[in-house]
Structures are given as C-alpha cells and as structure tokens.
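As given, the protein sequences belong to chains A and B, one line each in that order. Going by my numbering, the first sequence opens with residue 2, and the numbers climb by one from there. Going by my numbering, the second sequence opens with residue 2, and the numbers climb by one from there. Glycine included, each C-beta is placed from N, C-alpha and C at the ideal position.
There are 2 protein chains.
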Amino acid sequence: MLALTILGNNSAIPAFDRNPTAQILQTFDTSYLIDCGEGTQMQMAKYKIRRSKITHVFISHLHGDHYFGLIGLLNSLSLLGRTQDLHIHAPAPLQNIINMQLQVVHGELSFKIYFHDLTKEGLIVDDKRVTVHCFYVQHKIECWGFLFREKKHPRKVDAEKARAYEIPASFYEKLQEGEDYTNKKGTIIPNGEVTVAAIPAKSYAYCADTKYDETIIEKIKGVDLLYHETTYLKNLEKIAGERFHSTTTQAAAIAKKSGAKRLLIGHFSSKYETLEEFHAEASEIFENTELAIQGVCYRI
Amino acid sequence: MLALTILGNNSAIPAFDRNPTAQILQTFDTSYLIDCGEGTQMQMAKYKIRRSKITHVFISHLHGDHYFGLIGLLNSLSLLGRTQDLHIHAPAPLQNIINMQLQVVHGELSFKIYFHDLTKEGLIVDDKRVTVHCFYVQHKIECWGFLFREKKHPRKVDAEKARAYEIPASFYEKLQEGEDYTNKKGTIIPNGEVTVAAIPAKSYAYCADTKYDETIIEKIKGVDLLYHETTYLKNLEKIAGERFHSTTTQAAAIAKKSGAKRLLIGHFSSKYETLEEFHAEASEIFENTELAIQGVCYRI
Chain A
2 MLALTILGNN
12 SAIPAFDRNP
22 TAQILQTFDT
32 SYLIDCGEGT
42 QMQMAKYKIR
52 RSKITHVFIS
62 HLHGDHYFGL
72 IGLLNSLSLL
82 GRTQDLHIHA
92 PAPLQNIINM
102 QLQVVHGELS
112 FKIYFHDLTK
122 EGLIVDDKRV
132 TVHCFYVQHK
142 IECWGFLFRE
152 KKHPRKVDAE
162 KARAYEIPAS
172 FYEKLQEGED
182 YTNKKGTIIP
192 NGEVTVAAIP
202 AKSYAYCADT
212 KYDETIIEKI
222 KGVDLLYHET
232 TYLKNLEKIA
242 GERFHSTTTQ
252 AAAIAKKSGA
262 KRLLIGHFSS
272 KYETLEEFHA
282 EASEIFENTE
292 LAIQGVCYRI
Chain B
2 MLALTILGNN
12 SAIPAFDRNP
22 TAQILQTFDT
32 SYLIDCGEGT
42 QMQMAKYKIR
52 RSKITHVFIS
62 HLHGDHYFGL
72 IGLLNSLSLL
82 GRTQDLHIHA
92 PAPLQNIINM
102 QLQVVHGELS
112 FKIYFHDLTK
122 EGLIVDDKRV
132 TVHCFYVQHK
142 IECWGFLFRE
152 KKHPRKVDAE
162 KARAYEIPAS
172 FYEKLQEGED
182 YTNKKGTIIP
192 NGEVTVAAIP
202 AKSYAYCADT
212 KYDETIIEKI
222 KGVDLLYHET
232 TYLKNLEKIA
242 GERFHSTTTQ
252 AAAIAKKSGA
262 KRLLIGHFSS
272 KYETLEEFHA
282 EASEIFENTE
292 LAIQGVCYRI
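The following block contains the structure:
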C-alpha cells in the first residue's frame with residue numbers, strides 16, 4: 002500500500018495558506034519525501050508526519066519553491082539527533098548549496114547524507130518493497146519526474162490449510178511467490194488451494210513542473226495515481242507553455258492518454274484564490290481527477 | 002514612532018506553531034526586517050506585513066533558524082516584480098550562500114541587492130529618520146545585536162500662532178529645530194510660543210542569540226525597548242551558558258542593569274509548550290517584561 006500526503010500544493014509564491022510543493026509518499030515501513038519547499042518541516046509537524054521515517058528525498062529541480070525547505074529540515078533532523086543515513090536524489094548543484102550552508106556553522110550533522118546526482122533516466126532506488134525511476138520532464142531548467150512502483154506483494158499463505166496438506170513451513174516462501182507444492186506421493190497441491198492472492202502492487206508517478214509533453218506518456222503508462230502539475234486554468238494555455246507549465250486540460254489529457262487510473266492535480270498559481278475550477282476543467286476530460294489538498298492523505 | 006511585529010519567537014526547531022526568529026520594525030515610512038528564519042514570508046502574509054516596505058534586512062548570525070527564510074523571501078519579492086534596492090547587513094558568508102542559489106536558476110532578481118558585511122561595531126545605517134548600530138554579542142558563532150534609534154523628531158509648528166507673530170514660512174524649519182525667532186523690531190518670540198514639543202525619539206535594541214554578557218549593558222543603555230533572548234527558564238542556567246544562550250533571569254538582569262524601559266523576551270526553546278513561566282520568572286526581576294508573541298505588534 003502506498004499513501005501520499007500533500008504538504009504543499011502551490012506554485013512559486015506561497016499564497017492563501019497554500020505552501021510550496023512537498024509531498025510524502027508512505028509505504029509500509031518507510032517514507033519518501035518528494036520535493037521540499039520552504040516550510041515543509043512546519044507542515045510535517047502540522048500534519049503529524051514522522052520525520053524519522055524518511056529514508057530518501059527526491060528533489061525534482063532547483064527552483065526554490067521545490068527545495069528551499071530542505072536545509073531547514075536537515076538542520077532540525079540533526080538537532081533531533083537522527084543517526085540513520087539519508088539519501089538525497091537531486092540535480093547535482095544541490096550538494097554544494099547544502100554543504101556550503103553546513104560549513105558556515107562549522108558543524109556536522111548527526112547523520113550521514115548520501116547525495117545521488119540525477120544524471121540519466123532510469124532506476125535510482127531499489128528498496129525492499131519499492132523501486133523508483135526518474136525521467137525527464139520539460140521545464141525551464143533541468144527537471145525530473147519520479148515513478149514509484151511497489152514490488153509485487155507476496156501471496157498470503159493460509160497456514161491452517163497448508164498444514165492440512167502437510168506442506169512444510171520451509172516451503173512457505175515459495176508459496177508466497179505463487180509456486181505449487183508437490184508432496185511425497187507426487188500429488189500437486191495447486192498454489193491457489195493454500196494461498197490468497199496478494200493485494201496488487203501499486204504505482205505513483207510524480208510529474209513535477211513541466212509543460213505539456215506527450216513523451217511523458219510512455220514513461221508513466223497505466224500508473225495507479227498520476228500527479229501532474231496544473232499551474233493554470235485552460236484559458237492560460239499560451240502563458241503556461243511560455244513558462245514551461247501546464248493547464249488543467251493538458252494534465253487531464255496526459256492522464257487519459259497514459260491510461261492512469263486516477264489523476265491528482267496541484268502546483269496552483271498564486272493568482273487563484275479558489276480551486277473549484279481546476280477540478281471542474283480537469284474532470285471534464287478525465288473524470289477520476291482530484292485536487293491535491295494540503296494535509297489530505299491519498300491512499301493508492 | 003517605532004512598531005515591532007514578531008514573526009517568529011522560537012529557537013532552532015519550530016514547535017507548537019512557533020516559528021524561528023524574524024521581526025519587523027516599522028517606522029513611519031519604511032520597514033526593517035530583523036533575522037529571517039524559515040517561513041518568514043508566510044508569516045508576513047499571515048500578519049499582513051507589506052513586504053514592499055522593507056528596505057534593509059539585518060541578519061544577526063548564520064545559524065539556520067535566523068536566515069533560512071531569506072532566499073525564499075528574495076525569490077518571492079523578485080517574482081512580485083520589486084524594483085527597489087534591498088540592503089542586507091549580515092556576516093560575510095551569507096552573500097555567497099545567496100548568490101550560489103541564484104546562479105543555479107540562471108536568473109537575475111528583478112531588483113538589486115547590496116550586501117553589507119558586518120565587520121566591526123558601530124553605525125551601519127543612517128536613514129532619514131533612523132540610525133542603526135551593530136554590536137557584538139556572545140554566541141557560538143559570530144553574532145551581532147542591532148540598536149535602532151529614531152532621530153530627533155522636529156517640533157510641531159502651530160501655523161496659526163506663527164502667522165500671528167508674523168514669522169515667515171521660510172523660518173519654520175528652524176522653528177522645528179527649536180530656534181527662537183527675532184522679529185524686525187528685535188523682539189524675541191520664544192520657540193515654545195509657536196511650537197509644540199516633538200514626541201520623543203525612541204530606540205529599540207535587538208540582542209540576538211547570546212549568553213549572559215554584561216558588556217552588552219553599556220551598548221544599549223536606556224533603550225526604550227530591549228529584546229533579549231531567553232531560550233531557557235532559570236533552572237537551566239548551566240545548559241544555557243554551555244550553549245551560549247540565556248535564561249529569563251539573565252535577560253531580566255540585563256534589562257535592569259541597562260536601564261531599559263521595557264523588556265521583550267523570546268527565542269523560546271522547543272522543549273517548552275507554554276510560556277507563562279518565562280513571563281513570571283523574568284518579570285519578578287524586571288517588572289516591565291513582555292513575551293514576544295507571534296503576530297503581536299509592540300508599539301515603542
């Protein structure tokens with residue numbers, strides 16, 4: 002199971018109590034922080050996000066509204082005595098920016114940071130339960146999207162039935178993987194007799210700041226939840242293109258063409274006080290659209 | 002008239018909806034920003050502070066809770082199209098930290114920043130209505146306090162009376178400065194006959210993060226409002242000293258010994274959820290003590 006909590010849903014200038022971009026993707030035992038605009042650590046406190054669970058941070062690009070909150074978060078984690086390693090995946094210059102600020106105070110953090118520069122599309126994290134791939138998106142400066150895929154869940158063994166068929170516990174791992182069992186007499190016990198189907202592995206694609214770009218479609222095909230930026234309503238398509246951002250209808254078109262199951266839209270321009278029209282415009286093209294609202298947890 | 006609005010009153014780790022340090026000192030026609038912890042621009046929006054009025058920023062030291070919000074503020078000011086110069090007074094390394102983050106986006110700000118490195122005690126700003134002096138305080142790293150003094154206000158000319166005495170308008174400026182007028186017949190019109198006393202010029206001293214340090218006293222003698230940090234309650238005096246911070250009773254002692262008229266205490270440690278005890282302990286020694294509360298404007 003994946004669960005996504007929105008910590009910031011606004012574009013560059015914070016407005017109407019909407020913070021710059023940050024999201025937390027929680028899996029069973031770990032959390033991934035996706036972008037980290039100013040005030041992210043306060044938003045985490047507000048929405049009771051456990052900072053200690055974060056193992057990886059993904060920064061899509063180095064416009065300030067996507068990373069200015071990172072140094073403050075790192076500082077606080079250190080003051081709180083974190084010892085666990087932290088992995089930061091980001092465009093290369095971030096490492097110098099962070100290190101320069103740490104050097105000024107002649108202090109070391111209480112934990113070790115591993116910087117992983119984003120350099121080419123492909124697999125960047127291969128965790129126990131999740132893989133993460135990065136892919137290019139088209140923005141004014143180097144910018145990356147991220148695709149999170151749960152690994153296939155193990156089938157659930159019905160221990161009572163397995164015992165009845167005299168299947169040894171040492172074979173349970175293979176049962177979880179879907180294998181049939183052949184007993185001493187040569188009788189085949191079909192896997193389905195003693196296991197229950199796993200819940201399907203889920204996926205989440207984060208398309209950070211980007212203009213409308215159909216090359217994304219192949220990369221996020223069939224994703225369970227697609228986050229696509231919608232800085233503007235559809236009447237501002239020209240401005241959106243010039244600024245390397247997208248509109249509601251463009252985000253919805255990408256969702257439709259990629260066969261996404263659900264669409265989440267965010268990164269709203271500060272010019273909009275209310276968001277109803279964003280929802281109306283996008284869901285006209287792609288029905289299963291939701292607004293990214295701060296503090297809301299979207300289960301995938 | 003000076004008016005101080007508190008935007009953040011907490012120490013290093015934001016907690017209990019208390020933000021890291023930032024204050025706005027407003028004069029008649031301009032505003033000074035004193036320290037700029039993470040989230041300052043959001044606090045300004047929340048408390049309806051006009052960002053465009055800020056002409057000078059003063060950063061006491063380069064612990065993150067005193068400056069991590071600056072880059073985000075600069076970024077937003079530029080997105081909002083500011084053209085007016087901005088002066089930043091801070092320890093020297095700040096300039097590189099800011100510039101490095103601006104370079105990454107290959108962009109220039111819409112306005113010009115003048116960095117003024119703090120290098121020695123003394124006058125750093127001489128505005129039309131206010132002077133600002135900086136002075137050393139004792140913290141773990143290079144750290145500065147700031148003393149804001151209004152210039153003497155002009156006396157108020159009673160134009161009706163002045164006309165009755167046939168004083169030419171060209172002499173009004175001298176009347177404002179307190180001079181008597183001698184008419185053509187050689188009669189002296191005492192200044193007090195045609196002017197009203199000016200409201201007294203006020204002063205504000207900001208003693209940023211500091212351990213108890215009596216050398217401050219001479220520098221802030223007789224100030225109208227003294228802000229002194231109180232990270233801890235009095236029972237933690239030992240810890241306070243080790244960490245180059247102060248307690249309630251220490252701040253109150255400085256206020257008393259310097260002849261300050263009022264004391265404002267802040268920079269509360271994240272370990273304290275409520276602040277009543279801070280007030281109780283400090284006001285026992287220095288009666289005219291107030292807590293620095295976010296969003297509250299203290300008129301000086």
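In the DSSP assignment, A:Ala170 falls outside any beta strand (DSSP E), carrying neither H nor E. At a cut-off of 7 Å between beta-carbon atoms, B:Leu80 makes contact with chain A.
The closest CA to that of B:Glu288, considering only B:Lys175, B:Gln24 and B:Ala254, is found on B:Ala254. For A:Thr183, the beta-bridge partners assigned by DSSP are A:Ile189.
When Cβ-Cβ separations below 7 Å define contact, B:Ser12 makes no contact with chain A. Assigned with DSSP and collapsed to three states, B:Gly123 falls in strand. For B:Ser61, there are no neighbours in chain A by C-beta distance under 9 Å, as the nearest C-beta there is about 13 Å away. By the neighbour-count criterion, in which 16 or more other beta carbons inside 10 Å mark a residue as buried, A:Tyr115 falls on the exposed side. Buried is the label assigned to B:Cys208, since at least 16 other Cβ atoms lie within 10 Å of its Cβ. Excluding its 5 nearest sequence neighbours in each direction, B:Lys235 has C-beta neighbours in its own chain below 7 Å: Thr248, Thr249, Thr250 and Glu282, listed in chain order.
Under the Cβ distance rule, A:Gly296 does not count among the residues neighbouring chain B, no pair being separated by less than 7 Å. Residue pairing of A:Arg150 in beta bridges, as defined by DSSP: A:Thr132 and A:Ser204. Going by beta carbons, A:His90 and A:Ile125 fall inside the 7 Å limit. Contact between B:Tyr228 and B:Ala293 holds, since their C-beta atoms are separated by about 7 Å, short of 8 Å. Nearest CB-CB separation between B:Val138 and chain A: not below the 7 Å threshold. In chain order, Glu39, Phe69, Gly70, Ile72, Gly73, Asn76 and Gln102 make up the part of chain A whose C-beta sits under 9 Å from the C-beta of B:Phe69. In the DSSP assignment, B:Gln27 falls outside any alpha helix (DSSP H) and lies within the beta strand (DSSP E) extending over Ala23 to Gln27.
For B:Phe116, DSSP records a beta bridge to B:Ile89. Chain A places no beta carbon closer than 7 Å to that of B:Val58, leaving this residue out of the contacts. Interface residue (Cβ-Cβ distance to chain B less than 7 Å): A:Ile98 is classified as such. Under a criterion of Cβ atoms nearer than 9 Å, the residues of chain A adjacent to B:Met43 are, in order, Pro15, Asp18, Asn20, Glu39, Gly40 and Met43. Check the Cα spacing between A:Lys272 and each of A:Ser12, A:Met2, A:Leu3 and A:Lys129: the tightest is with A:Ser12. Our two residues, B:Lys203 and B:Val158, have alpha carbons roughly 21 Å apart in a direct line. In the three-state reduction of the DSSP assignment, B:Glu230 falls in the strand class.
Cβ neighbours of A:His280 within its own chain (closer than 7 Å, five residues either side excluded): Thr290 and Leu292.
Counted as a single uninterrupted DSSP element, the stretch harbouring A:Ile72 is not any beta strand (DSSP E) but the alpha helix (DSSP H) occupying residues Leu71 to Leu80. The C-beta distance from B:Leu8 to B:Tyr48 rounds to 7 Å, short enough to meet the 8 Å contact threshold. With contacts defined as CB atoms closer than 7 Å, A:Phe69 and B:Gly223 fail to qualify as a contacting pair. By the criterion of a C-beta distance shorter than 8 Å, B:Ile218 is surrounded in its chain by Ile255, Lys258 and Ser259, once the five residues flanking it on both sides are discounted. From the listed residues B:Gly82, B:Glu230, B:Tyr299 and B:Thr275, the smallest Cα separation to B:His268 is found for B:Glu230.
For A:Leu34 against A:Ile55, the beta-carbon gap comes to about 5 Å, under 8 Å, which counts as contact.
As for any beta strand (DSSP E) of minimum length 3 sitting wholly inside the segment 223 to 275 of chain A, the runs are 226 to 230 and 263 to 267, ordered along the chain. In this structure, A:Ile221 sits near A:Ala206, with a CB-CB distance shorter than 7 Å. Taking C-beta atoms as the reference points, B:His154 and B:Ala198 fail to come closer than 7 Å. Around A:His154, no beta-carbon contact reaches into chain B at under 9 Å, the shortest distance being about 37 Å.
Under DSSP, B:Asn11 shares a beta bridge with B:Pro21 and B:Phe269.
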